[in-house]
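Visitor:
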Amino acid sequence: MLRAEYASRLVLGLASTAPNDQATAAFAKASRRIKLLDDPPFEIKDLTAALSQIEAHSNDHLHFEYRIPANIEILNPVESWSTCDKNSQNLLSESINLLLEWNWEGARAKAKEVLQATDREDLRDEALNVMAASLAFTGEMEGAMAALKSAVEGEWNYALHQNLGILALQSDPMLAANQSTYWLDSAETTKDREQAIFYVLKMWSNAEGDEDFELPEKIRNSFRSALVAGLKEDMFAQLGLFLARTDAEWIIANDEWKAANNHFQAIASMIIARAKGFEEYVGFLVSEASSLEPTIAQSREDFISQIIDNMFQEDEAMGSASFAIEFVDGGLPCSTNNEALLRILAVREISMYFRDREEEPSEKFIGWLEDAQRYVLGISDEDVREALMEILVASSTMLIVLFVLAREQDIGKFDMALSTVFQMSQRWGGRRRLNKQEAIGIARTTRDWADEVNRTIIRLQGLLTTDEDIQRYLSQLDTKRAQVGAMSRSVLEKM
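This note's numbering numbers the first residue of the sequence shown as 3 and each following residue consecutively.
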């Protein structure tokens with residue numbers, strides 16, 4: 003099946019030609035569609051992850067994703083076309099719309115009508131592209147590959163080749179690997195060359211995790227030459243970071259690429275940090291947690307998006323949550339969906355981690371949820387706000403439970419001692435038998451505890467939770483806290 007991470011726009015029902023600022027509206031529309039369908043192909047969490055991906059790459063002029071349409075001008079009206087071809091164009095537009103509405107069978111049927119109605123290569127290629135996507139989303143990868151292989155046989159279209167590469171990465175990695183030099187050698191213009199480097203870079207980036215991964219010498223030399231020759235800022239960052247991971251010694255030792263790109267010094271520092279090791283790289287990004295420099299911010303957003311995706315997908319993602327802690331403690335603001343989501347999901351992971359160990363997390367995580375809550379409540383789009391609110395409420399509930407349980411344990415530890423001191427302090431004869439310093443110590447400790455817990459409860463009551471039991475437990479804890487405070491103050495007054 004076509005992986006959602008390579009088709010975030012299609013998951014939201016957004017065409018590749020649509021601007022990024024339409025992603026929120028597409029999310030809202032897709033959310034409503036999920037509620038209307040009996041068996042939707044995606045869940046709200048898939049839509050949230052897709053929106054996160056688009057937001058993370060909002061400033062990229064190149065992005066590795068399945069494109070529909072691949073030809074951005076294919077739906078523009080052309081007066082010189084025949085009536086038959088104009089009708090075929092309308093059919094193609096209908097097939098794309100059906101695909102964006104997740105109607106895989108309907109989209110495929112309309113695309114077949116296009117193939118039957120016209121001989122125009124560009125219309126047929128796009129129809130095959132729609133067919134391939136609809137087949138891939140239903141898991142029919144062999145048919146999807148066959149459709150795209152047919153589409154790329156004619157006139158060069160980079161997006162179609164990238165789509166084929168995306169499917170090949172999932173179903174035929176050997177084909178993808180064998181094609182890699184072709185993408186580089188076939189590029190005729192500077193734009194095509196940059197796109198070819200981008201595609202091959204993404205392809206080999208996906209292969210990095212393989213145990214027997216080894217970058218072919220020809221590809222490595224091509225990448226080195228490209229880095230020395232100079233590239234646009236974001237491509238320089240992507241390629242530099244890839245070589246930092248796979249060719250670290252060369253990155254550290256070679257001065258040519260640094261000299262050729264001395265106008266990108268901050269990015270070069272980031273690349274060198276990555277070449278020195280993962281911890282060094284994370285440290286660099288954390289030190290730049292509030293940086294507004296576009297490419298540094300984009301690398302940070304890419305990493306944060308990866309952390310979010312891990313926390314969405316993995317059952318245990320405390321490692322990702324630890325990175326979140328570094329970023330937030332390093333000064334990461336809470337001014338985007340991803341920055342709020344990072345906090346919410348990290349608190350969820352941290353809460354589960356401490357719950358399993360019967361411990362409690364730091365109170366600073368209450369502040370994380372407070373920051374996220376302020377941001378989420380300010381989101382204008384109702385569907386996006388509702389989706390993030392659902393995750394926020396779940397995280398808040400888990401954190402409240404941990405604090406309530408921990409404070410209940412505190413009361414259990416000092417309840418008997420405080421009750422004894424309180425009872426004896428109420429009578430003159432009892433006060434005479436008390437160890438005054440010890441009694442005052444117990445009373446002061448419990449008074450301070452009650453004051454601190456009061457402040458914490460006020461903050462916890464400000465967090466959103468829909469669980470009435472949790473709200474009742476928090477209220478009961480507040481009542482006990484007030485009793486403890488009153489008893490400890492009474493003892494101090496009597497002593």
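Cβ coordinates follow ideal geometry from the N, Cα and C atoms, glycine included.
Use the C-beta contact count for N456: other C-beta atoms within 10 angstroms, 16 or more gives buried, fewer gives exposed.
Guide: In the sequence shown, counting from the first residue as 1, residue 456 sits at position 454. Exposed: under 16 other Cβ atoms inside 10 Å.
Visitor: Can the beta-carbon of Q91 be found closer than 9 Å to that of L125?
Guide: As a position in the sequence shown, residue 91 is number 89, starting the count at 1. As a position in the sequence shown, residue 125 is number 123, starting the count at 1. Yes, the pair counts as a contact, with Cβ atoms nearer than the cut-off.
Visitor: Determine the extent of the alpha helix (DSSP H) in which P296 is found, giving its start and end residues.
Guide: Taking the sequence shown and counting its residues from 1, one reaches residue 296 at position 294. Where P296 is concerned, the enclosing alpha helix (DSSP H) stretches over P296 to Q315.
Visitor: Could you spell out the range, first to last residue, of the alpha helix (DSSP H) harbouring E282?
Guide: Sequence index remark: in the sequence shown, residue 282 carries index 280 (1-based). E282 -> alpha helix (DSSP H) spans F280 to S289.
Visitor: Report buried or exposed for A72, applying the criterion of at least 16 other Cβ atoms within 10 angstroms of its Cβ.
Guide: Along the sequence shown, one-based indexing puts residue 72 at 70. By the 10 Å Cβ count, A72 comes out buried.
Visitor: Please report the residue range of the alpha helix (DSSP H) in which S320 lies.
Guide: The sequence position of residue 320 within the sequence shown is 318, counting from 1. What sits at residue 320 in the sequence shown is Met, not Ser. M320 to D331 is the span of the alpha helix (DSSP H), which, as asked, contains M320.
Visitor: Excluding sequence positions up to five away, which residues of its chain have a Cβ less than 6 Å from the Cβ of A161?
Guide: One-based indexing of the sequence shown puts residue 161 at position 159. Once the five neighbours on either side are set aside, the close Cβ partners of A161 are R69 and A72.
Visitor: Among the candidates F139, Q172 and R122, whose CA atom is the shortest distance from the CA of A153?
Guide: Along the sequence shown, one-based indexing puts residue 153 at 151. Here the closest residue by C-alpha is R122.
Visitor: Residue range of the alpha helix (DSSP H) that N89 falls in?
Guide: Here residue 89 refers to the residue found at position 87 when the sequence shown is read from its first residue. From DSSP, the alpha helix (DSSP H) with N89 extends over T85 to L102.
Visitor: Do I274 and A246 have their beta-carbon atoms positioned less than 9 Å apart in this structure?
Guide: Counted from its first residue, the sequence shown places residue 246 at position 244. Counted from its first residue, the sequence shown places residue 274 at position 272. Yes, the pair counts as a contact, with Cβ atoms nearer than the cut-off.
Visitor: What separation, rounded to the nearest whole angstrom, lies between the Cα atoms of L100 and A113?
Guide: The residue labelled residue 100 in the question sits at position 98 within the sequence shown. The residue labelled residue 113 in the question sits at position 111 within the sequence shown. Cα-Cα distance, rounded: 10 Å.
Visitor: Is it the case that the CB of F139 approaches a heavy atom of the ligand HEM more closely than 8 Å?
Guide: Annotation note on the ligand HEM: not contained in the displayed structure, which lists no ligands.
Visitor: Just checking, does the stretch 372-385 make contact with the stretch 317-325 on the three C-beta pairs under 8 Å criterion?
Guide: Output reads no: the stretch 317-325 does not touch the stretch 372-385.
Visitor: Whose C-alpha, out of L347, L334, I306 and K234, is nearest the C-alpha of E318?
Guide: Working through the sequence shown from its first residue, we reach residue 318 at position 316. Checking every option, the nearest Cα to that of E318 belongs to L347.
Visitor: Look at F356 and E365 and say whether their C-beta atoms are less than 9 Å apart.
Guide: Reading the sequence shown from its first residue, position 354 is the one you call residue 356. Reading the sequence shown from its first residue, position 363 is the one you call residue 365. Cβ distance not < 9 Å, so F356 and E365 don't count as in contact.
Visitor: Leaving out five residues before and five after M272 in sequence, what residues of the same chain have Cβ atoms less than 6 Å from its Cβ?
Guide: The residue you call residue 272 lines up with position 270 of the sequence shown. Answer for M272: F286, listed in chain order.
Visitor: Among G167, S97 and D127, which one has its Cα closest to the Cα of A9?
Guide: For the purposes of this step, residue 9 is taken as the residue at position 7 of the sequence shown. Considering only alpha carbons, the answer is G167.
Visitor: Apart from the five residues just before and just after E473, which ones in its own chain have a Cβ nearer than 7 Å to its Cβ?
Guide: As a working mapping, residue 473 is identified with position 471 in the sequence shown. Correcting the residue identity first, residue 473 is Gln in this sequence and not Glu. If we look at Q473 and ignore the five residues flanking it on each side, its Cβ neighbours are T467.
Visitor: Would you decide whether E67 is buried or exposed? Buried here means 16 or more other CB atoms lie within 10 Å of its CB.
Guide: Locating residue 67 in the sequence shown gives position 65, where the first residue counts as 1. The residue is buried, with at least 16 neighbouring Cβ atoms inside 10 Å.
Visitor: Let me confirm a value: S477 is counted as buried when at least 16 other C-beta atoms fall within 10 Å, else exposed. Which label applies?
Guide: For this step, residue 477 is matched to residue 475 along the sequence shown. The residue is exposed, with fewer than 16 neighbouring Cβ atoms inside 10 Å.
Visitor: Quick one: Cα of I460 to Cα of S490, how far?
Guide: Your numbering for residue 460 matches position 458 in the sequence shown. Your numbering for residue 490 matches position 488 in the sequence shown. So the alpha carbons of these two residues sit roughly 20 Å apart.
Visitor: Pull up the distance between the alpha-carbon of I327 and that of L479, whole angstroms please.
Guide: Taking the first residue of the sequence shown as 1, we reach residue 327 at position 325. Taking the first residue of the sequence shown as 1, we reach residue 479 at position 477. Near 29 Å, if we compare the C-alpha coordinates of L479 and I327.
Visitor: Excluding five sequence neighbours on each side, which residues of the same chain lie with their C-beta closer than 7 Å to the C-beta of K204?
Guide: Mapped onto the sequence shown, residue 204 falls at position 202. Around K204: F66.
Visitor: Do the stretch 77-85 and the stretch 222-237 meet, that is, are 3 or more Cβ pairs less than 8 Å apart?
Guide: Because the criterion of three Cβ pairs below 8 Å is not met, the stretch 77-85 and the stretch 222-237 do not touch.
Visitor: Quick test of the definition: if touching needs 3 or more C-beta pairs under 8 Å, does the stretch 398-405 touch the stretch 21-40?
Guide: Not touching, per the Cβ criterion.
Visitor: I need the straight-line Cα distance from A488 to K438, nearest angstrom please.
Guide: By one-based count along the sequence shown, residue 488 stands at place 486. By one-based count along the sequence shown, residue 438 stands at place 436. Taking the straight line joining both Cα atoms gives about 19 Å.
Visitor: Take S337 as the anchor and find which of F314, F305, Q315 and S292 has the nearest alpha-carbon.
Guide: In the sequence shown, residue 337 corresponds to position 335, counting from 1. Of the listed residues, the one whose Cα sits closest to S337 is S292.
Visitor: Does the Cβ-Cβ distance between R429 and L494 come in under 9 Å?
Guide: Within the sequence shown, the letter at position 427 stands for residue 429. Within the sequence shown, the letter at position 492 stands for residue 494. No, the Cβ-Cβ distance between R429 and L494 is not below 9 Å.
Visitor: Decide if T50 is buried, meaning its Cβ has at least 16 other Cβ atoms within 10 Å, or exposed.
Guide: For the purposes of this step, residue 50 is identified with residue 48 of the sequence shown, where counting begins at 1. With 16 or more Cβ atoms within 10 Å of its Cβ, T50 is classed as buried.
Visitor: I think E128 touches L93, with their Cβ atoms under 8 Å apart; what is that distance to the nearest whole Å?
Guide: Counting from 1 along the sequence shown, the entry for residue 128 is found at position 126. Counting from 1 along the sequence shown, the entry for residue 93 is found at position 91. Not quite, the Cβ-Cβ distance comes to about 11 Å (not below 8 Å), so this is no contact.
Visitor: With a threshold of 8 Å on Cβ separation, who are the neighbours of L465 within its own chain once the five nearest residues in sequence on each side are excluded?
Guide: Position 463 of the sequence shown, counted from the first residue, corresponds to residue 465. If we look at L465 and ignore the five residues flanking it on each side, its Cβ neighbours are I368, L371, E372, Q375, S398, L401 and I402.
Visitor: Helix, strand or coil: which one does DSSP assign to I274?
Guide: Against the sequence shown, residue 274 aligns to sequence position 272. I274 falls in the helix class under three-state DSSP.
Visitor: Kindly give me the distance between the Cβ atoms of A452 and R483, rounded to whole angstroms, as I take these residues to be in contact under 8 Å.
Guide: To locate residue 452, count along the sequence shown from 1; it is residue 450. To locate residue 483, count along the sequence shown from 1; it is residue 481. A452 to R483, Cβ: 5 Å. Contact.
Visitor: Compare the beta carbon distance of S136 and A119 with 9 Å and say whether it is the shorter of the two.
Guide: The sequence position of residue 136 within the sequence shown is 134, counting from 1. The sequence position of residue 119 within the sequence shown is 117, counting from 1. No, these two residues do not count as a Cβ contact at 9 Å.
Visitor: Cα separation between H265 and N159?
Guide: As a working note, residue 265 is residue 263 in the sequence shown. As a working note, residue 159 is residue 157 in the sequence shown. Taking the straight line from one Cα to the other gives about 33 Å.
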